[in-house]
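Participant:
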Amino acid sequence: RYSSFSRRQELDTLTKVHNPLIGTKTHPSRCPDNSAFKQQKLPAWKPQLTPATVLPSFFLTGAFCLAMGVCLILSANSVREIQFDYSDKCSDCSKLRENSSNWNKECHCSVNFTLKEDILGDVFMYYGLQNFYQNHRRYVISRSDAQLLGRNVNKSYCAPFTTYHNGTPMAPCGAIANSMFNDTIDLFYNLNSSAIQVPVLKTGNSWWTDKNVKFRNPKSYNLSSAFAGTARPPYWHKPVYLLDKEDERNNGYVNEDLIIWMRVSAFATFRNLYRRVKRIRQFADGLPAGNYTFRISYNFPVTKFKGRKHVILSTVAWSGGSNPFLGIAYVVSGTAATLTGFVITAIHLKLRKKKTFFQK
Amino acid sequence: MWGRGELCRVGLRVGLADPEGLFQPEWFWGSVNLSWKRLCRSSCPAMNLTVTVPNSTRSPSAGPGVSTTLPCLSRQADLLLLSSSEPHGLCYIETAELDGETNMKVRQAIPVTSELGDTSKLARFDGEVICEPPNNKLDKFGGTLYWKENKYPLSNQNMLLRGCVLRNTEWCFGLVIFAGPDTKLMQNSGRTKFKRTSIDRLMNTLVLWIFGFLVCMGVILAIGNAIWEHEVGVCFQIYLPWDEGVHSAFFSGFLSFWSYIIILNTVVPISLYVSVEVIRLGHSYFINWDKKMYCAKRRTPAEARTTTLNEELGQVEYIFSDKTGTLTQNIMVFSKCSVNGHSYGEHRVPGRPEPVDFSFNPLADPRFQFWDPGLLEAVKLGDPHVHEFFRLLSLCHTVMSEEKSEGELYYKAQSPDEGALVTAARNFGFVFRSRTPKTITVHELGRAITYQLLAILDFNNIRKRMSVIVRSPEGKIRLYCKGADTILLERLHPVNQDLTNVTTDHLNEYAGEGLRTLVLAYKDLEESYYKDWSERLHRAGSATEAREDRLARLYDEVEHDMMLLGATAIEDKLQQGVPETIAILTLANIKIWVLTGDKQETAVNIGYSCKMLTDDMTEVFVVTGHTVLEVREELRKAREKMMDASRSVGNGFSYQEKLSSSKLTSVLEAIAGEYALVINGHSLAHALEADMEVEFLETACACKAVICCRVTPLQKAQVVELVKKYKKAVTLAIGDGANDVSMIKTAHIGVGISGQEGIQAVLASDYSFSQFKFLQRLLLVHGRWSYLRMCKFLCYFFYKNFAFTMVHFWFGFFCGFSAQTVYDQYFITLYNIVYTSLPVLAMGVFDQDVPEQRSMEYPKLYEPGQLNLLFNKREFFICIAQGIYTSVLMFFIPYGVLADATRDDGAQLADYQSFAVTVATSLVIVVSVQIGLDTGFWTAINHFFIWGSLAAYFAILFTMHSDGLFQMFPNQFRFVGNAQNTLAQPTVWLTIALTTVVCIVPVVAFRFLKLDLKPELSDTVRAQMTPRGFLSPANEAFPQGWAAACWAVGGNTAHPLPGSPLYLRTVAWMNCSISGKGDTMRM
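Protein chains in written order, with the working numbering: chain B, 58 to 417; chain Y, 388 to 1470.
1) Which of the three DSSP states is assigned to Glu1423(Y) in this structure?
2) So what does Ser471(Y) bridge to, in DSSP terms?
3) Strictly under 8 Å for the Cβ-Cβ distance: is Asn652(Y) near chain B by that measure?
4) Are the C-beta of Lys684(Y) and some C-beta of chain B separated by less than 8 Å?
5) My assumption, with CB atoms under 8 Å, is that Gly1231(Y) sits in contact with Arg1171(Y). Please give the rounded CB distance.
6) To the nearest angstrom, how far is it from the Cα of Phe776(Y) to the Cα of Leu768(Y)?
7) Find the nearest neighbour of Ile1215(Y) within the set Val1168(Y), Ser921(Y), Thr1308(Y), judged by alpha-carbon distance.
8) Tell me which residues share the same chain as Cys783(Y) and place their Cβ nearer than 6 Å to its Cβ, disregarding the 5 neighbours each side in the sequence.
9) Since Phe351(B) meets chain Y, which of its residues come closer than 7 Å, beta carbon to beta carbon?
10) Look up Thr402(B) in the DSSP assignment and say whether it is helix, strand or coil.
11) What is the rounded straight-line gap between the Cα of Tyr349(B) and the Cα of Leu300(B)?
12) Helix, strand or coil: which one does DSSP assign to Phe777(Y)?
13) Please report the Cβ distance between Gly185(B) and Arg328(B), rounded to the nearest whole angstrom; I am assuming they are in contact, meaning their Cβ atoms lie under 8 Å.
14) Could one say the Cβ of Cys88(B) lies closer than 8 Å to chain Y's Cβ atoms, at least one of them?
15) Output the boundary residues of the beta strand (DSSP E) element that contains Trp980(Y).
16) How would you list, in chain order, the residues of chain B whose beta-carbon sits under 7 Å from the beta-carbon of Gly1293(Y)?
17) Let me know the alpha helix (DSSP H) ranges lying completely inside the segment 873-953 of chain Y, each 4 residues or longer, listed in chain order.
18) I'd like to confirm something about Ala800(Y): is its beta-carbon nearer than 7 Å to some heavy atom of the ligand ATP, or not?
19) If we define contact as Cβ-Cβ less than 8 Å, is Gln756(Y) a contact residue for chain B?
20) Taking only beta carbons into account, state which residues of the segment 665-678 of chain Y come closer than 9 Å to chain B, listed in chain order.
21) So Thr1205(Y) contacts chain B; which residues on that side make the cut at Cβ distance below 9 Å?
22) Which one or two residues does DSSP pair with Thr350(B) in a beta bridge?
23) Since Lys1260(Y) is in the alpha helix (DSSP H), which residue starts that stretch and which ends it?
24) Residues in the same chain with beta-carbon distance under 8 Å from Leu1183(Y), minus the five sequence neighbours each way, listed in chain order, please.
25) What is the DSSP secondary structure of Arg834(Y), reduced to helix, strand or coil?
26) Applying a beta-carbon distance threshold of less than 7 Å, which residues of chain Y neighbour Gly406(B)?
27) Hey, how far is the Cα of Phe819(Y) from the Cα of Val809(Y)?
28) Could you check where the alpha helix (DSSP H) with Tyr196(B) kicks off and where it finishes?
29) Taking Lys276(B) as the reference, which of Arg336(B), Leu205(B), Ser151(B), Asp90(B) has the closest Cα?
30) Which residues in chain B sit within 9 Å of Ala1410(Y), going by Cβ to Cβ distance?
31) Quick check on Arg583(Y): does DSSP put it in helix, strand or coil?
32) Just tell me which of Val297(B), Asp342(B), Phe116(B), Leu106(B) has its CA closest to the CA of Phe399(B).
33) Exposed or buried, what is His634(Y) when buried is set at 16 or more other beta-carbons lying within 10 Å of its beta-carbon?
34) Check Thr397(B) in the structure and name its three-state DSSP category.
35) Is Thr397(B) close to chain Y, meaning its C-beta is less than 8 Å from at least one C-beta of that chain?
36) Please report the distance separating the alpha-carbon of Thr1273(Y) from that of Ile625(Y).
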């Protein structure tokens, strides 16, 4: 009794002086706080996967997906789309373009087609490319956004199309700009043996932010002087400030064809918006049925890299173009979710019977 | 005055005196010198040869100059005792820290030095000591002191080892022999090893695998790149010429390999290690903050001293516990007695018991408590047997008394048992007041009576009894004897037969409760006989040869035909809640081994009192063999017995089959019945030899309880090492003293009991708290949660990184293997740091599957951790598979949707930047939903982090794509305007929604089916938390018959706490429902 008592006193002295863990002062408040956080007793929501929540959610998800899928399929089906592969249509042109020394020789070809029904609503004209790797890493990075914003050229981003050997910088620089799609496609409506050019809009096709924020011409009193001291990219036929002869404001870096081209595609097969049909005169409701001709100035070589070129006419719906993938995917997932719901319910009910058999 | 340099000089001289070359030069210079430096620089206020014990009543006057405490110095060095305050250079020490024994031991200075009582004499002491090199033998020391041309042999009797504590000795002088790491205690403490958890090791393996996987992906994509550049890229050169220096597709592939290693490196979770440490730190803080692990009495909170082992606390399979100070409080309490066939000590008064009032006795010790008023009544009524009983207790002992002021008595007892008995007698009115060598003065119910002390027949381990022969004032000579029942009951006079039977019953009852019992007896001696005997005793005492034998024979002769008085029962007070804790830990399938330096009897007693050993056990094997052969034989016999029993229980065929598979272990693990093994230190030394250790381990593991007694600290570590080596199980060692340090260091997890004597154990430990009972909370609550959280965290972490990174891999096939990333560079940077780190951290820190009370109520909830079910290679592959599945959908659904898509205003949608934003957004949403599914405990913090991460994603996305940043850094923020354009498209949102549904629905389906078909115990317990609780009447339909049936099936693996119907039912039901634990699915 005595020894244990004195030992405790001794211990107290000792711990006060020598115990580095406890420190020199022993506070009476060494007891931890009784807070919910420190005691791990925070109020909490403890969700569980109960049949009452899981089974209905399966059916609800299934129903939602099915409904959405049907809507999307209907929407996609309402879209009219016509697509022409013209890469081989003008075989002489494609051969001509395989030799790069013929770059300044013009080559034209036409594609005829007949519309059996009117295409109502806004009609968009796209060019489509296949097997063109716009998403290749070296391609994607080969651009200078500072230059396209009208600032001083930062050379380091544009390799390998930065400057010519004599040091003249390219404007715009980079592999993307250099490889810009430069076919001209005109659509003619053949009405009573006379060809009427379908009026199209060149502008308003790109994203608003691209046109107004991302691309700017260098500031100068006129456009050609703004690009003085620079040269066009090697594959271009004309300098950047002469891209659009008809519309002075659609030149330089803010040229919409350039802007759209500069927004590189995610995949090697892609389509870019080329023109919109201007809804005036006989085209006020869209494209009337009849015979049409695409007159194409064939400049862009694709056969060299085993690519294909298309021209596409399409309308749009609320869900976008005619791609049915999303609708089908929704229907499939909706069906799967519903079926899973049924299977799980069946299993659950069967099991519950067994459980009650054991318990009662 | 002895200065610091003086001390060091003496110490160094020890090393210099090395004529026989016992000490290696390295040892001398490296070790002694260094450790001396350390010693001199230690935290002691001033080092001095003078060693005194602070005495609360007397200031240390004898110590010359500055005094320092032995506990301080004794933490540093082994001393040769030179002289002390007690006569003949005696010195009393307690060695609980060394061997766990709590009785006092005597050390004596050699006679020539015992005169060196003051500093001036001591200053002239210039002896030289030659001794054995440092070793780990605690009970042996060999050396010689050379002084004044004389040789004096030194033995362990002259040594004060580091770790011992001075008792009843005011001061002593000592010569430092070994210091620092050379002390016997430190030699025993084993090496400090860097501890890592099994999850850590698994994680490292997995990270290596992932790295291999990364290289594989790199190689595949590099080959793809080479082929692509060869087939396609060559033709595409007009638009995209190869980089300078790249002349072949092969070289391009080589470069692309390194690009892909860089891009895909996020699959190797670098931030995993940091996050794991943060989570562990959080768990450690929760341990430190736990109010339920705070001991108010000692004012010590629990402390996690390492932050690296937390989740291993949820996987412990073996606990190695020290006894003294860990299981027991090291306080002896007189709790029951049997006098003349009448047992006292039960709580007789119904209702709230109050301790017996000893106020009649001014000399009573106020701290003494007794609960049975009957005994005091018997004293007051003058029952002669009771009087004689207490008279014996007040006379037959070796206790010293100290009376500081009138009535203020202090007893100094060599063993706490003795002190408890004398204190009991004191309170019942038989106050031992003082003793001289020839007399003992006792206040018997107020009357001072002085007895003449004729002889003390001292206690030793063979006799197991002690006696005194006294002459009362009336002149009657009487022998009083107390001792172990086995010895004493044989020496009683035959007339005691009836009384012996009754007393034996009482003794068995006491022993069953784990009390330490002693039997008391007396014998009247004739004057003439005594005279004759004492003469013979005197002659024997002065004999030169066979003195011990002759004395023993004389003692034996007189302690014969004694009259039985009764028996005492002393409670070696267990720490609070020890039996309950052990019961719960056993239920949690944790095996507890007690390793103690104490005596076998004591250890077994404690085993019974903390319910490790029970009377229901089939057999308790005791291994005490002294030779290899004996030990082997005893172990073999134990195994045979166990196997025989299981053969007779189980059917013989299956046994034969098992035997033919020659897996001895499996046979032993399938044993029916409960066994326990008690093994002695010297047997253990043989059992731990290389050729027998497996045999020993198999036998021990087949037993339900294992007690190793008389083990040295090193043996403790060896036992732990043995289990670690062969069992592949997580071990935990818990102890309080310096003798436990080695085992604490060796075990996977070391726990120190703090607030006791020293802090050696605490310093070596990984966790410390002040009560053994906190262990259940540490393991079942904190450990379990830690393990669970860590596993969930790891699963999710691997999942999210794979889902994130593998998208690049799929994209590689569509971008000419050009190492183009899918996402914006900022998204790649921020994904792991900002968008997904905090929700999973919050889950890793706060998640709880079942509330803490349930972990205690259902100890079987601990089992998944032991079986390593929640995170293993299988679980890892499931996570990876889920991640890859997610990444496939994450890439191909947007691909399918966007490939030919246009916006609803006809503009392009399939551009790279829109694709990047779509994939990134759906990825962030999917992994957020997934963490939402994984989080089982949504505190406000979880809500904040999960919703906050989503909000942060969108906020950062719009900021990164804003005009302002683009205007400043056009080449760095190329995604300008992308977010508002892309995310305004219904198609994009429909794509994100579809991706989320397709990624999450299968996971929910799998999880629900698993929950429904094969629920884990924790799932079931969690389901009970709903308002319709487990005990509510609706569920009361759970029939007892069903429980009983399960109980029978569950058999020997479950042990409910007695007296609780809840436990019976719980356990039975757990045995049934846990059966499906074998396979777990994470999807």
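We treat Cβ as the ideally placed atom computed from N, Cα and C, and that holds for glycine.
Facilitator: With the given structure in hand:
1) Below a pLDDT of 50, predicted positions are generally treated as unreliable, and Glu1423(Y), at 34, falls in that range; no measurement from the model is reported.
2) Cys559(Y)
3) no
4) no
5) Gly1231(Y) to Arg1171(Y), Cβ: 14 Å. No contact.
6) When rounded, the distance between both Cα atoms is 14 Å.
7) Considering only Val1168(Y), Ser921(Y), Thr1308(Y), the residue with the shortest C-alpha distance to Ile1215(Y) is Thr1308(Y).
8) Val855, Tyr867, Lys869
9) Residues of chain Y with a Cβ closer than 7 Å to the Cβ of Phe351(B) do not exist; the shortest Cβ-Cβ separation is about 18 Å.
10) helix
11) 26 Å
12) Secondary structure at Phe777(Y): helix, using DSSP grouped into helix, strand and coil.
13) 4 Å
14) yes
15) 978-982
16) Asp179, Phe181, Leu330, Arg333, Val373
17) As far as the segment 873-953 of chain Y is concerned, its whole alpha helix (DSSP H) runs of at least 4 residues are 884-899, 914-929, 934-945.
18) Absent from the structure shown: the ligand ATP. Ligands present: none.
19) no
20) Of all residues in the segment 665-678 of chain Y, only Tyr672, Phe673, Asn675, Trp676, Asp677, Lys678 come within less than 9 Å of chain B when Cβ atoms are compared, listed by chain position.
21) Looking at the sequence shown, residue 1205(Y) is not Thr but Ser. Chain B residues near Ser1205(Y): Tyr190, Asn192, His193, Arg194, Arg195, Tyr196, Val197.
22) Asn169(B), Phe245(B)
23) Here the alpha helix (DSSP H) through Lys1260(Y) covers 1260-1285.
24) First, the amino acid is wrong: residue 1183(Y) is Tyr here, not Leu. So the qualifying residues of the chain are Val1227, Met1230, Cys1266, Gln1317, Ile1318, Asp1321.
25) strand
26) Inspection of the sequence shows that residue 406(B) is occupied by Leu rather than by Gly. None at all; the shortest Cβ gap to chain Y is about 10 Å.
27) Near 7 Å, if we compare the C-alpha coordinates of Val809(Y) and Phe819(Y).
28) 194-197
29) Leu205(B)
30) Gln105, Thr107
31) coil
32) Phe116(B)
33) exposed
34) helix
35) yes
36) 38 Å
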